[in-house]
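Quick mapping for you: the protein sequence lines, in order, are chains A and B.
Note that the numbering used here has the first sequence beginning at 240, numbered continuously upward.
Note that the numbering used here has the second sequence beginning at 240, numbered continuously upward.
Ideal Cβ placement from N, Cα and C applies to all residues, glycine included.
Source: prediction; values computed, not measured.
Read through the structure below, which is laid out as structure tokens, and then see the notes.
Protein chains: 2
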Amino acid sequence: KAGRVWLVGAGPGDPELLTLKALKALQMADVVVHDGLVSDEVLDMAPAKARRISVAKRKSRHSYAQDEINRMLVAFAREGLEVVRLKGGDPFIFGRGGEELEACREAGVECHVVPGVTAALAASASAGAPLTHRGSAQAVTFVTGHAAKGEEPDLDWEALAKANQTVVIYMGLSTAAGIAARLMAAGRAGSTPALIVENASRGDERRIATTLAELAGAAEGLSGPALLVVGEAMALAKAGGAPAAVQPLKVQGVSE
Amino acid sequence: KAGRVWLVGAGPGDPELLTLKALKALQMADVVVHDGLVSDEVLDMAPAKARRISVAKRKSRHSYAQDEINRMLVAFAREGLEVVRLKGGDPFIFGRGGEELEACREAGVECHVVPGVTAALAASASAGAPLTHRGSAQAVTFVTGHAAKGEEPDLDWEALAKANQTVVIYMGLSTAAGIAARLMAAGRAGSTPALIVENASRGDERRIATTLAELAGAAEGLSGPALLVVGEAMALAKAGGAPAAVQPLKVQGVSE
């Protein structure tokens with residue numbers, strides 16, 4: 240039997256934000272190759288006998304280069320295994336899933352993609368602030384704040400500085416000061432509402448409602464995975480902690 | 240006991256793309272107020288005794304105005320009911336969820352938001368074409384192609400015409416010709432890869448891989464809910480039909 244690779248979005252962190260399809264894929268996995276951001280509760284949904292391999296980039300002694308991960312996925316599939324590549328959020332939003340899919344295609348390995356709830360959706364849901372909104376957010380753009388050390392992200396500041404749109408910056412904590420300065424220099428008002436969400440959807444979620452001018456100061460001291468969200472609709476955001484759990488019902492045979 | 244409103248994303252169509260949290264919210268619903276795009280398989284996950292109310296805008300003799308929906312949600316919650324407002328995709332991506340949340344806040348009604356897999360994520364997963372990709376898609380923007388009859392969408396064409404980004408147009412089928420013409424006039428190459436996905440993630444999903452120059456012609460004859468996706472990374476897209484189901488395992492107590 241030929242093995243297959245499943246690129247699966249694990250959602251933003253809360254195990255309840257896994258999709259049913261992701262859960263089913265996990266339950267049939269022979270091997271789970273996962274990021275550091277995927278929680279133990281989610282990993283526990285795979286069969287006990289499934290091999291688990293962390294290729295974490297965060298808080299890890301060893302992290303794998305992307306081409307090592309690609310080769311690993313192909314090699315396991317060629318052994319005839321069902322390989323679940325489990326990624327935080329959605330595999331195709333800043334998850335480098337496209338590179339893994341290309342590696343599978345080049346190797347002739349069957350590969351399927353299971354979408355997931357990307358962190359921006361969880362952050363806006365928790366905050367009660369919509370990413371699009373009549374009159375104040377006609378579009379939403381996702382960018383990454385990641386940049387080589389000492390450099391700044393290569394983004395289209397003019398486009399992102401226009402009013403009436405929401406800009407979500409993934410991995411932007413360490414470059415927040417530069418991003419805010421560039422957006423204001425390009426014309427976005429310092430008074431534009433902004434939101435920082437650390438550990439979106441997790442028990443230790445923290446939300447800070449601020450403004451673009453105050454963004455860099457508000458980001459200081461945060462270290463967890465975080466999103467920066469800038470836009471007029473963030474005026475609706477509520478600061479605070481973790482979102483409400485759905486109680487008291489539990490899905491039979493699924494949770495706990 | 241005070242009632243509550245849950246703004247719940249039902250995902251793109253495939254019932255398996257519901258999150259566990261959405262499923263739990265549905266299972267405790269006293270009343271489900273849903274869009275026309277939500278499938279019967281999803282509605283069947285609510286208790287048999289739960290009242291179901293369609294406020295469909297599509298294929299419906301009667302459709303409710305937004306302020307009627309807002310009033311309905313508040314009124315049910317004031318009766319002490321658990322009210323699930325079930326929306327296709329994610330409640331805060333072109334779902335007008337922000338307006339419903341504001342109505343609840345103004346009325347003093349407790350309101351929670353459960354994020355969902357928005358259609359763009361499902362479309363890119365099915366097509367095997369990432370929305371962000373090293374070297375060809377450094378950002379992704381979601382806009383709506385919706386416009387008043389005879390008018391064109393009010394979008395920032397200059398920003399959307401820049402290369403190396405993905406633009407996803409929700410509800411853009413009827414305005415596809417104008418959108419493509421505007422993007423090309425603003426400088427986006429006619430050879431830019433494009434993808435149309437009708438009924439993303441459903442059994443009758445259809446994907447057409449094309450280019451920006453050919454987009455309008457390719458959109459002709461389609462009538463279902465569809466996304467237009469324009470960007471260099473769509474060169475990876477595979478045309479075709481519905482995505483693979485996860486077989487043969489089923490989640491105990493959840494599906495079927």
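Start and end residues, alpha helix (DSSP H) containing GLY337 (chain B): 336-346
For ILE418 (chain A), report the span of its alpha helix (DSSP H) as first-last. 415-424
Across the stretch 349-363 of chain A and the stretch 344-356 of chain B, are there enough close Cβ pairs to call them in contact, namely three or more that are closer than 8 Å? Taking a contact to require three or more Cβ pairs closer than 8 Å, the stretch 349-363 of chain A and the stretch 344-356 of chain B qualify as touching.
Reference ASP329 (chain B); option with closest CA among B:LEU246, B:CYS350, B:GLN266 and B:VAL281: B:LEU246
Taking the beta strand (DSSP E) that GLU437 (chain A) falls in, what are its first and last residues? 432-437
When burial is assigned at 16 or more other CB atoms within 10 Å of the CB, is PRO464 (chain A) buried or exposed? buried
In the DSSP output, what is ARG243 (chain A) paired with across the bridge? In DSSP, ARG243 (chain A) forms a bridge with A:GLU321 and A:GLU349.
Within chain A, partners of ASP279 (chain B) - CB distance below 9 Å: Neighbours of ASP279 (chain B) across chain A, judged by C-beta separation under 9 Å, do not exist; the nearest C-beta is about 16 Å away.
If the cut-off is 9 Å on Cβ atoms, which residues from the stretch 315-343 of chain A count as contacting chain B, listed in chain order? Contact annotation: in the stretch 315-343 of chain A, residues whose CB is within less than 9 Å of a CB in chain B are ASP329, PRO330, PHE331, ILE332, PHE333, GLY334, ARG335, GLY336, GLY337, GLU338, LEU340 and GLU341.
Among B:SER375, B:ASN438, B:GLN377 and B:LEU467, the one whose alpha carbon lies nearest that of THR414 (chain B): B:LEU467
Would THR450 (chain B) and GLY429 (chain B) qualify as a contact pair, given that the criterion is a beta-carbon distance under 9 Å? yes
When you compare the CB of VAL493 (chain A) with every CB in chain B, is at least one pair closer than 9 Å? Caution is warranted here: a pLDDT of 44 is assigned to VAL493 (chain A), below 50, making its placement in the model unreliable, and the coordinate value is therefore given only provisionally. Closer than 9 Å: yes.
For ILE292 (chain A), write down the residues that DSSP places opposite it in a beta bridge. Beta-bridge partners of ILE292 (chain A) (DSSP): A:VAL272.
Chain A residues whose Cβ lies nearer than 7 Å to that of ALA182 (chain B): Past the edges of chain B, shown from 240 to 495, lies residue 182 (chain B), and the structure says nothing about it.
Going by alpha carbons, who is nearest to LEU475 (chain A) out of A:ALA400, A:GLY384, A:HIS385 and A:ARG373? Of A:ALA400, A:GLY384, A:HIS385 and A:ARG373, the residue nearest in Cα terms is A:ARG373.
Looking at the C-beta of GLU255 (chain A), does it have a partner C-beta in chain B at a distance below 9 Å? yes
Along the stretch 400-432 of chain A, what residues have a CB closer than 8 Å to any CB found in chain B? LYS401 and GLN404
For SER278 (chain B), which residues of its own chain have a beta-carbon under 7 Å away from its beta-carbon, when the five flanking residues on both sides are left out? Only GLY252 and PRO254 meet the Cβ criterion.
For GLY220 (chain A) and ALA478 (chain A), what's the separation of their Cα atoms in angstroms? Residue 220 (chain A) cannot be examined here, being either before or after the span of chain A that is shown, 240 to 495.
Against chain B: residues of the stretch 349-365 of chain A by CB proximity under 8 Å: Going along the stretch 349-365 of chain A in chain order, one finds CYS350, HIS351, VAL352, VAL353, PRO354, GLY355, VAL356, THR357, LEU360, ALA361, SER363, ALA364 and SER365 with a Cβ nearer than 8 Å to chain B.
ILE408 (chain A) (DSSP reduced to helix, strand or coil): strand
Of all Cβ atoms in chain B, is any one closer than 9 Å to the Cβ of GLY248 (chain A)? Output row for GLY248 (chain A): interface = yes.
Around the Cβ of ARG290 (chain A), are there at least 16 other Cβ atoms within 10 angstroms (buried) or fewer (exposed)? exposed
Please tell me whether LEU340 (chain A) and PRO482 (chain B) are closer than 9 Å, where the distance is taken between their beta carbons. no
Where GLY367 (chain B) and ASN403 (chain B) are concerned, what is the direct C-alpha to C-alpha distance, given to the nearest angstrom? 18 Å
List, in chain order, every chain A residue whose beta-carbon is nearer than 8 Å to that of VAL382 (chain B). GLN377 and ALA378
Comparing the C-beta of VAL490 (chain B) with each C-beta of chain A, is any distance below 9 Å? In this prediction, VAL490 (chain B) scores a pLDDT of 44, lower than 50, which makes its location untrustworthy; the coordinate-derived value is nonetheless stated afterwards. At least one chain A Cβ lies under 9 Å of VAL490 (chain B).
Who are VAL382 (chain B)'s beta bridge partners in DSSP? A:ALA378 and B:ILE408
Sorted by chain position, which residues of the same chain lie with C-beta nearer than 8 Å to ARG243 (chain B)'s C-beta, five sequence neighbours on each side aside? ALA316, GLU321, VAL322, VAL348, GLU349, CYS350 and HIS351
Can you find the residues in the same chain that come closer than 8 Å, C-beta to C-beta, to MET311 (chain A), ignoring five residues on each side of it along the sequence? VAL272, ILE292, VAL294 and TYR303
Relative to the C-alpha of ASP395 (chain A), which candidate in A:LEU422, A:ALA452, A:ASP283 and A:GLU453 has its C-alpha closest? Minimum Cα distance to ASP395 (chain A) is reached at A:LEU422.
What does DSSP give as the partner residue(s) for ARG446 (chain A) in the beta ladder? A:VAL436 and A:GLY479
Using a C-beta to C-beta distance shorter than 9 Å, which residues of chain B count as neighbours of LEU475 (chain A)? Near LEU475 (chain A) (Cβ distances below 9 Å), the residues of chain B are GLY337, LEU340, GLU341 and ARG344.
Would you please verify whether the beta carbon of ALA398 (chain A) is less than 9 Å from any beta carbon of chain B? yes
Determine whether the beta carbon atoms of ARG324 (chain B) and GLY337 (chain B) lie at a separation below 9 Å. The Cβ atoms of ARG324 (chain B) and GLY337 (chain B) do not sit closer than 9 Å to each other.
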